[in-house]
Structure formats: structure tokens, C-alpha cells
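Q: Each residue of the sequence shown is one higher than the one before, counting from 1 in full-length UniProt numbering.
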Amino acid sequence: MAKLKISGPWSGVLDVELDNWTVIMLREEIARRSNCGVESINLICGGRILKDGDGGEKLLDLGVKNNSRILARRVSTEEGKSLNVELMAEEERSNRLARVKAAATALAKRHANGFLPVEDFNIELEDQSGQKVNLGSETDQRAIMMGLMLHANAKQLIRKGNYKEALEVLIMGEEAFSLCNPKLIEFVDNVSILQIDMVWCYFMLKDIKWLSDAGLRLAKAREGIERAHGKDSSRVRLLQAGCHPELALHLRLELLEGVAAYHSCMFDKAREAINSAQMKYSQLQVPDEALSHVMDMGFKEGEAKRALRMCHQDVCKAVDFLFEERTKRDKKREEDIERQKEIKEQKRYGMTPSKKAVDLQRLKELASIGYEKNLAAEALRRNENDLQKALDDLINPETNSVIQNAVESRKRKRQRQTTDAAVDKLVLMGFDRTRAIAAFQAGGSLEQAVNLLSLPDTKSTVDGQPDSVPTVSASEYASSSISNIEEIQDMLDNFDNGEGPSTVEENRDSEMESELARELDGASAVSDYDMDVTKEGEAITEYLALLDSLMNSEKA
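(1) Is it true that the CB of V533 sits closer than 7 Å to the CB of L157?
(2) For F299, which residues of its own chain have a beta-carbon under 7 Å away from its beta-carbon, when the five flanking residues on both sides are left out?
(3) Which residue wins for smallest C-alpha separation from L547, given the options R435, A439, A270, I44?
(4) Kindly indicate which three-state DSSP category T352 falls into: helix, strand or coil?
(5) Between S212, M429, N400, C180, which has its C-alpha nearest D140's C-alpha?
(6) Could you give the first and the last residue of the continuous alpha helix (DSSP H) run that contains L253?
(7) Give me the Cα-Cα distance between A307 and K317, rounded to the nearest whole angstrom.
(8) Name, in chain order, the residues that DSSP records as bridge partners for D15.
(9) Using beta-carbon positions only, say whether T434 and E384 come within less than 7 Å of one another.
(10) Please classify C45 as buried or exposed, where buried requires at least 16 other C-beta atoms within 10 Å of its C-beta.
(11) What does the alpha-carbon distance come out to for the pair A154 and L167?
(12) What span of residues does the alpha helix (DSSP H) with I41 cover, start to end?
(13) For A72, which beta-bridge partners are listed by DSSP?
(14) Does the stretch 169–176 come into contact with the stretch 205–214, if we say contact requires no fewer than three beta-carbon pairs (one atom in each stretch) closer than 8 Å?
(15) For V358 versus A376, is the C-beta distance shorter than 7 Å?
(16) Let's test the definition: count the other Cβ atoms within 10 Å of the Cβ of F187 and tell me whether it reaches 16, buried, or not, exposed.
(17) What residues in its chain sit with their C-beta under 8 Å from that of L256, if we drop five residues either side in the sequence?
(18) Could you check where the alpha helix (DSSP H) with S192 kicks off and where it finishes?
(19) Could you name the residues of the same chain whose beta carbon sits closer than 6 Å to that of A143, not counting the 5 residues immediately before and after it, in chain order?
(20) Assign K305 to buried or exposed, taking buried as 16 or more other Cβ atoms, counted over all protein chains shown, within 10 Å of its Cβ.
(21) P9 to G63, Cα distance in whole Å?
(22) Measuring only the C-alpha atoms, how far is L228 from Q417?
(23) Reducing DSSP to helix, strand and coil, say where K364 ends up.
(24) Tell me which residues share the same chain as C311 and place their Cβ nearer than 6 Å to its Cβ, disregarding the 5 neighbours each side in the sequence.
(25) Does the beta-carbon distance from D15 to K58 come in below 7 Å?
(26) Report yes or no: do three or more beta-carbon pairs, one from the stretch 425–432 and one from the stretch 392–404, lie closer than 8 Å?
(27) Quick one: is E486 buried, meaning 16 or more other Cβ sit within 10 Å of its Cβ, or exposed?
(28) Give the DSSP-derived three-state secondary structure of R508 in the structure shown.
(29) In three-state DSSP terms, what is K51?
(30) State the Cα-Cα distance for the pair I488 and S454, rounded to the nearest angstrom.
(31) By DSSP, does K58 sit in helix, in strand, or in coil?
(32) Would you decide whether A390 is buried or exposed? Buried here means 16 or more other CB atoms lie within 10 Å of its CB.
(33) Find the nearest neighbour of S34 within the set A98, K164, I6, judged by alpha-carbon distance.
(34) Would you please state the rounded distance, in angstroms, between the beta carbons of R222 and L253? I believe it to be under 8 Å.
(35) Flag this pair as yes or no: are the beta carbons of I185 and L544 separated by less than 7 Å?
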């Protein structure tokens with residue numbers, strides 16, 4: 001028995017079994033001794049509130065020890081319920097943040113090192129011109145991918161006004177970027193934009209304690225943006241064909257610099273920065289007439305406004321920009337479809353010993369000199385995509401024979417797997433297994449097997465097998481089950497080098513990974529600069545009024 005020293009509505013010493021008692025049991029006992037309801041008692045130990053959790057955690061698991069002091073605080077029933085709701089919300093938020101980080105880590109790990117994707121897409125790094133790039137080592141690639149995914153997730157939270165959670169995700173993103181070689185990212189603006197977004201969250205949360213940190217982050221952001229964009233944004237202008245996509249970003253940066261200066265009592269600097277932000281805000285206001293002209297070309301209001309803002313309200317440039325963006329999207333869609341086909345093909349060939357996908361470019365090289373694709377793919381798979389070693393194995397009669405036997409063995413195994421999966425579905429539809437096997441072998445496909453088993457003359461025999469199960473109800477399920485034929489093949493495509501399903505699928509948070517992937521999907525070279533500046537406009541008005549009021553009071 002352990003002793004707990006209780007103070008509050010009831011004070012005294014309780015004898016408890018720490019490895020048996022839960023928080024709920026302790027709360028009930030203290031509430032009973034205090035003559036009050038259980039919901040009106042909150043327990044604090046070691047400076048933290050003891051939560052009920054799932055009701056199964058023991059006091060010992062929560063760090064409560066012999067002679068621990070427990071503060072019992074009595075609150076109103078409504079306050080107690082409210083606190084419980086807040087605690088549950090906080091726990092849910094913490095769990096979600098942990099899931100976001102784990103999913104981003106898993107995705108980055110799989111897609112940065114060439115592992116065979118378990119999804120039907122690849123995550124790849126691109127520069128502002130849309131060209132794929134490889135930055136540094138696998139560790140660097142992984143760090144950058146993870147940072148970008150977390151930043152994209154935080155932006156979605158910012159758009160929803162969830163600034164507190166966005167800030168925590170941005171901190172995780174900053175940590176990810178810090179794992180990358182600084183030389184590799186000093187000429188890209190992603191880290192600088194992340195810094196600005198962090199300070200924007202400080203501002204929207206109106207948290208004054210971040211003031212000194214905000215100034216340092218903004219200084220780093222300005223330095224990084226000037227380095228990445230070039231003097232007077234010349235590099236961006238060159239990459240974006242004369243457009244000004246970065247104007248809204250500079251507006252937010254200057255506004256935040258002005259706010260930080262104001263709260264540091266540097267009022268002249270604050271006015272200069274906020275006046276500059278106001279000029280940019282005016283430049284971003286879209287005239288109704290220009291908007292109407294662009295929308296008449298068949299574009300939606302949102303994309304028309306975005307294009308006009310980025311093209312200094314030039315209607316012709318805005319239209320050209322939108323058509324170019326549409327062409328890029330169409331091309332990207334075609335590339336994605338082609339990549340999905342490639343991934344499906346790679347899954348058929350299986351993984352290399354280090355879990356990498358077969359290199360399709362090297363496979364094409366071997367196929368171009370006359371080798372059968374499946375044979376060449378197996379040679380590459382066994383040799384970790386080493387083209388010369390694969391070629392040596394194909395040339396050598398002995399190793400070539402071994403590879404051919406492996407290919408044939410896998411083919412037979414896949415055929416058995418296909419048959420077994422189809423027969424299992426027929427059995428679920430109500431057919432006898434023996435007859436299902438015979439029908440599938442006779443028909444060659446699940447659809448033909450269903451047709452054979454459903455024919456009136458098959459009620460007596462199918463390939464010599466007696467009909468022992470009625471087939472009337474089976475036809476009711478035929479159409480829905482036939483639609484699953486492709487699912488069977490897709491499942492078999494996920495098998496690795498013939499030894500069974502890949503373990504990469506295990507313990508995946510597919511829901512969160514899909515959410516992160518969706519946030520990246522559709523992003524373009526100018527997505528980071530596409531922001532609504534309504535709140536910035538309101539802040540500019542507010543702080544200019546504060547500066548004017550201050551100036552008038554000084555004159556008086």
C-alpha cells in the first residue's frame with residue numbers, strides 16, 4: 001500500500017494500491033469524502049492535471065509515487081465538464097500532431113530513397129520551373145520532403161484559422177529543414193516563407209511573448225528571400241516570365257516587420273515598413289473591369305483574381321498566365337497517369353533486396369538490346385539495379401537459366417494466387433469450392449466462371465463435378481463481385497519478390513498520409529505566393545491608425 005497526501009476540499013492521507021488504482025477511482029474516493037459530485041473534482045499532481053484517459057491507466061503508470069502530494073480542486077459541475085472537454089480537445093490535438101509528424105516521416109522515408117511505392121504516386125522535388133531535382137544525399141532529400149509536407153499541412157491549418165496548431169506543425173517543419181545541409185537550401189525560399197508563416201501565426205494569436213523571436217525570424221526570412229529571389233526579385237521575374245507572384249509575400253513580410261518595430265517602440269521604422277506594405281496592398285487590389293474581362297475568357301473568379309494580382313492587373317498577361325498554368329496542369333495530369341502505370345509495372349517485378357523498385361529506364365536499355373522484359377527485370381532486381389551486373393547475369397548461360405527458372409516460378413505462383421483469390425470469391429458467393437475450381441479452370445476468369453456456374457445445365461455437373469450447392473442466389477452477387485476482378489490483380493501486384501506481401505504496408509497511417517499527399521497534389525511553382533491579403537489589409541489600417549494616434553498625442 002502506498003500513501004497519498006491529499007489537500008483540498010478534503011485533506012488527509014489515503015492508502016491506495018498504485019498499480020491497481022486509476023484516476024477515476026481516486027477521484028471517486030476523494031469526491032465521496034468531500035461530499036460532492038465526481039465531476040466537480042479535478043486532481044493535480046506534480047504540476048499537471050491527472051486525466052482519466054481511457055480509464056485503464058494506473059496511477060503508477062502516470063508517475064504517481066508513494067507519499068505524492070495530490071491537490072484536489074473543487075470546481076462547479078459546468079466548469080468541470082468544460083475542463084474535461086478542453087483536456088479531451090488538447091489530447092486529440094496532440095494525437096493529431098503526432099500522427100502528422102509520423103505520416104510525414106514515413107512518406108519522406110519511402111519516397112526519398114527509391115523504395116517501391118505502396119501508393120500509386122511518387123513524391124518528387126521540383127524547382128520553380130517545374131523540373132525535377134535531386135538535392136544532396138538521401139538524408140537531405142528526406143529532410144526537404146518532410147519539411148515541405150509539414151509546411152503544406154500548416155498552410156491548410158492557417159487557411160482554416162487554426163493558428164495554434166499550424167504553429168506547432170511549422171515548428172516541426174523547421175526542425176525537418178534543419179536536418180538538411182544548409183548549402184543545399186540557401187538559394188530556395190521555402191525555409192524563409194516558413195519563417196514568415198510562423199511570425200504570421202504569432203501575430204494572429206496576438207502572443208506578445210514571441211516579439212523578440214519574431215524580429216530574429218523576420219530578419220532571417222528577409223535575408224533568405226533576397227538571396228533566393230535575387231536583387232529586386234530579378235530571379236523570380238526571370239523564372240515567371242515577368243510576373244510578380246511574390247508581391248503578397250513581401251506585403252506580409254513588411255507588415256510583420258512594421259508590427260514588430262511598433263511593439264519595440266521603433267515607430268519611424270514601423271511607419272516606413274507599414275507604408276510600404278500599404279502600397280503593395282493597393283497594387284494587389286483587382287479592378288472589377290479587369291476581373292470581368294478575364295472571367296469572360298472562361299476562368300473562375302478566384303483564379304482570375306490570382307492571375308491579375310500576379311500580373312500587375314495586366315489582362316493580357318493574366319490570361320496568358322492562366323492558359324500556361326492550365327497547360328502545365330494538363331501535362332502534369334498526363335505524367336501522373338503515366339507514372340501510375342509505371343508503378344503498377346514495377347510492383348509486378350517486385351523489390352530489390354534493399355526494397356527498391358526496379359529501374360524502368362535501365363530495364364528499357366536491356367529490352368532495347370533484345371532481352372525479354374520479365375527476364376531483364378528479374379536480373380536488375382537481383383542486382384540492385386546495377387546495369388552491368390544484370391547484363392553479365394543475362395549473358396552467362398548458367399545465371400540466365402537460374403533467372404528464367406525464377407521468372408517461371410513467380411509466374412506459376414501468381415497464377416495460383418489469382419486462382420485461389422477468384423475461387424475464394426466464388427465460395428463467398430455461395431458456390432461449392434470443388435465446382436468453383438473446375439469452373440474457373442474451364443472459364444479462365446472470374447466472370448466466365450460465374451457465367452458457367454449460373455447456367456441452368458451446370459446445376460447437374462460442371463466439368464464432371466456434382467452440383468451440391470444451389471446457384472440461384474449467386475447471380476444476385478455476380479455483378480458486384482465481378483467488379484472486384486481488378487482488385488484481386490492489384491492485391492497481387494503488391495506482392496514482392498515472390499515471398500509474400502510487402503511489410504511496408506504494415507502500421508501505416510493511410511488516412512493521414514493521404515491527407516498530406518492531397519495537400520501537395522495540385523501545388524504549382526507559385527502556390528507559396530498565392531494568399532488572400534484581406535487580414536493584412538485590416539492590420540495595415542489598424543496599425544497606421546495607432547501610429548497616427550501616437551503622433552497626434554506627441555504633438556499635443
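Using N, Cα and C, we set each Cβ at its ideal position, and we do this for glycine too.
All of these numbers come straight from a predicted model, not from anything done at the bench.
A: In this structure, then:
(1) no
(2) L322
(3) A270
(4) coil
(5) C180
(6) 247–263
(7) 8 Å
(8) K3
(9) no
(10) buried
(11) Here the alpha carbon of A154 sits roughly 7 Å from the alpha carbon of L167.
(12) For I41, no alpha helix (DSSP H) run applies; the uninterrupted beta strand (DSSP E) run containing it begins and ends at 41–45, by DSSP.
(13) L43
(14) no
(15) no
(16) exposed
(17) I196, V199, W200, F203, A214, L218
(18) 190–205
(19) A176, L179, C180
(20) The residue is buried, with at least 16 neighbouring Cβ atoms inside 10 Å.
(21) 23 Å
(22) Residue 228 is actually Ala in this sequence, not Leu. Using only the alpha carbons, I get a separation of about 54 Å.
(23) helix
(24) C243, K317, A318, F321
(25) no
(26) no
(27) Residue confidence for E486 is low, a pLDDT of 45 falling below 50, so the modelled location carries little weight and cannot support an answer.
(28) coil
(29) coil
(30) Note that I488 scores 44 on pLDDT, short of 50, meaning its location in the model is unreliable; the coordinates nonetheless yield the value given after this. Spanning the two alpha carbons is a distance of roughly 21 Å.
(31) strand
(32) buried
(33) I6
(34) Separation of the CB atoms of R222 and L253 is rounded to 6 Å, and the pair is thereby assigned contact status at 8 Å.
(35) no
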